[in-house]
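>
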Amino acid sequence: MQGWALRWAISILAIILTAALLPGFRLTLWAAIVGSLFLGVINAFIRPLLLLVTLPFNILTLGLFTLVINGFMLWLTAATIRGFDIDGFGWAVLSAIILSLISAAGSYFIEDRMFHFK
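If you count by our numbering, then the sequence shown holds residues 434 to 551, one letter each, in order.
#1: Looking at I443 and S533, is the spacing between their C-beta atoms short of 8 Å?
#2: Just tell me which of G496, F542, I530 has its CA closest to the CA of I448.
#3: Ignore the nearest five residues each way along the sequence and tell me which others in G504's own chain have a CB closer than 7 Å to its CB.
#4: Are the CB atoms of F458 and I514 nearer to each other than 8 Å?
#5: Let me know if I502 comes out buried or exposed under the rule of 16 or more other beta-carbons within 10 Å of its beta-carbon.
#6: Kindly indicate which residue of T451, S536, I445, L455 has the alpha-carbon position closest to the one of V467.
#7: Within 10 angstroms of the Cβ of T451, are there 16 or more other Cβ atoms? Answer buried if so, exposed if not.
#8: Can you round the beta-carbon distance between F498 and T487 to whole angstroms, since I take them to be within the 8 Å contact cut?
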C-alpha cells in the first residue's frame, strides 16, 4: 500500500509541476489530486484498449502515436474533472510529454533511493 501511495504522490506532484511549466494547462490543488486518481484509473482500463486498436498507427509511427494517446487520456481527464483545464489538444499532448518525463524522473529518483535503503 505504501508504494501505491508514493506513486500517487509523485503523480500529483508531476501534474502540478507540468501545470506550472505550461501556460495552456491550469488546475487547482484538488483537481490535481482527483485528476491524478482519475488519470490512473483510465490509464489502467481505457489506455490498453486504445493501444490495441491503434496498434497499426503505432507500428507505422514507430511508437510516436502513443504520445497522441497519452494526450487524449490527459484531455479526457480535463474534460471530466472540474478545475483541471487544458486549452486544447495540442496542449494536452505537450502536457502529456512533460508529465511523462517528470513522472519518470520522480519515480526513478524515489525508487532508486528506496532500493539503496532496503
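For glycine and all other residues, C-beta sits at the position ideal for the given N, C-alpha and C. Fair warning: this is a prediction, and the values are worked out from it, not measured in the lab.
Based on what the coordinates show:
#1: The residue labelled residue 533 in the question sits at position 100 within the sequence shown. The residue labelled residue 443 in the question sits at position 10 within the sequence shown. No, the pair does not count as a contact, with Cβ atoms beyond the cut-off.
#2: Reading the sequence shown from its first residue, position 15 is the one you call residue 448. When only C-alpha atoms are compared, the closest one is I530.
#3: Indexing the sequence shown from 1 puts residue 504 at position 71. Closer than 7 Å at Cβ, skipping near neighbours: F522, A525, V526, A529.
#4: Position 25 of the sequence shown, counted from the first residue, corresponds to residue 458. Position 81 of the sequence shown, counted from the first residue, corresponds to residue 514. No, the pair does not count as a contact, with Cβ atoms beyond the cut-off.
#5: Numbered from its first residue, the sequence shown carries residue 502 at position 69. Taking a 10 Å sphere around the C-beta of I502, we find 16 or more other C-beta atoms and assign the residue as buried.
#6: As a working mapping, residue 467 is identified with position 34 in the sequence shown. Closest option to V467, judged by alpha-carbon separation, among T451, S536, I445, L455: I445.
#7: On the sequence shown, residue 451 is found 18 positions in, with the first residue counted as 1. By the neighbour-count rule (16 or more Cβ atoms within 10 Å), T451 is buried.
#8: Start at 1 with the first residue of the sequence shown, and residue 498 comes out as number 65. Start at 1 with the first residue of the sequence shown, and residue 487 comes out as number 54. The beta-carbon distance between F498 and T487, rounded to whole angstroms, is 6 Å. This is short enough to meet the 8 Å contact definition.
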